[in-house]
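Notes to accompany the following structure.
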Amino acid sequence: MRAVHKRYMREFVPAMLGYTVLILASTMWLKTLDGTLPRAVVTLLPVVPVGFLIRAMVRVIRDQDEFERRVDLVSIAIGGSVGTFGFFTYGMLLSAGVLPSPAAETVAIWVLPTLLFCFGVAKCAVLRHYRDQ
Amino acid sequence: MINRVRELRGELGWSQADLAEHLDVSRQTVNAIETGKYDPSLPLAFRIARLFGLPIESIFTPGE
Numbered sequence: 267m268r269a270v271h272k273r274y275m276r277e278f279v280p281a282m283l284g285y286t287v288l289i290l291a292s293t294m295w296l297k298t299l300d301g302t303l304p305r306a307v308v309t310l311l312p313v314v315p316v317g318f319l320i321r322a323m324v325r326v327i328r329d330q331d332e333f334e335r336r337v338d339l340v341s342i343a344i345g346g347s348v349g350t351f352g353f354f355t356y357g358m359l360l361s362a363g364v365l366p367s368p369a370a371e372t373v374a375i376w377v378l379p380t381l382l383f384c385f386g387v388a389k390c391a392v393l394r395h396y397r398d399q
Numbered sequence: 814m815i816n817r818v819r820e821l822r823g824e825l826g827w828s829q830a831d832l833a834e835h836l837d838v839s840r841q842t843v844n845a846i847e848t849g850k851y852d853p854s855l856p857l858a859f860r861i862a863r864l865f866g867l868p869i870e871s872i873f874t875p876g877e
């Protein structure tokens, strides 16, 4: 693993763990918390590690070599398109009453993991394209 | 683009990882260039030419 990717893992893993813990904690905490301001603060807690996640991603894309950057940007384009269009389609099915409506926070919690999953699958496909002939 | 990177690397007895280290890129990048699936930027192409001590046009030629 190159130095730029070691640094990425050092930055990404704690941020992702922090996000996971805070999103679960804030969701549970909100069930018993009263008051608009405290509820707003607790709701926005997961935004902090997301900021670090974005920072880690921007830094690795900026500092890796040109081919790696191309693979990541193409993967983000494909994964982002599939993920967001998937959510849009899901929303259309919900509004049409075809699917049972989940709680709003359940949908919100799954946005980031879904996009990351779509990015991961897209990156595997893009790398496979460039692999040995 | 058609290139002679694999041939030139072979002449030096280097692995893809060796060449990648000299160019400060990943092994995947070297592999993608050698297989013709990725055309390097002009700065990287010049670094490759400088490393092999050859003019850029003797390493990279336009494909069909």
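Going down the list, the sequences are from chains A and B.
Letter by letter, the first sequence follows residues 267 to 399 of the numbering used here.
Letter by letter, the second sequence follows residues 814 to 877 of the numbering used here.
All residues carry an ideal CB built from backbone N, CA and C; glycine is no exception.
Predicted model only: the values in this text are computed from it and were never measured.
At the C-beta level, residue 858 of chain B and residue 843 of chain B stay beyond 7 Å of one another. At a cut-off of 7 Å between C-beta atoms, residue 845 of chain B counts as an interface residue with respect to chain A. Residue 874 of chain B and residue 814 of chain B have their alpha carbons spaced roughly 6 Å apart.
No Cβ-Cβ contact shorter than 7 Å links residue 329 of chain A with residue 392 of chain A.
Interface criterion not met: the Cβ of residue 818 of chain B is under 7 Å from no Cβ in chain A. Counting C-beta pairs with one atom in each stretch, the stretch 341-359 of chain A and the stretch 292-311 of chain A have fewer than three that are closer than 8 Å, which means they do not touch. Chain-order list of chain B residues neighbouring residue 268 of chain A: 839, by C-beta distance under 8 Å. Taking 7 Å as the cut-off, the Cβ atoms of residue 865 of chain B and residue 821 of chain B count as close. In this structure, residue 390 of chain A and residue 349 of chain A do not form a Cβ contact; the two beta carbons are roughly 15 Å apart against a cut-off of 8 Å. Contact between residue 281 of chain A and residue 315 of chain A is confirmed by a C-beta separation of about 5 Å, below the 8 Å threshold. Here residue 846 of chain B is not near residue 856 of chain B, since their CB atoms are 7 Å or more apart.
Interface flag for residue 828 of chain B against chain A is unset, since no Cβ pair is found closer than 7 Å. When C-beta distances to chain A are compared with 9 Å, the residues of the stretch 849-871 of chain B below that value are 849, 850, 851, 853, 854, 856 and 857, in chain order. Straight-line spacing of the CA atoms in residue 830 of chain B and residue 839 of chain B works out to 8 Å.
In terms of beta-carbon proximity, residue 874 of chain B stays away from the interface with chain A, with every pair separated by 7 Å or more. The C-beta separation of residue 311 of chain A from residue 283 of chain A comes to about 14 Å, leaving the pair out of contact by the 8 Å criterion. Looking at the backbone, the Cα of residue 332 of chain A and that of residue 338 of chain A are separated by about 10 Å.
Per DSSP, the beta bridge partners of residue 874 of chain B are B:815. For residue 362 of chain A, there is no enclosing alpha helix (DSSP H), as DSSP gives it neither H nor E.
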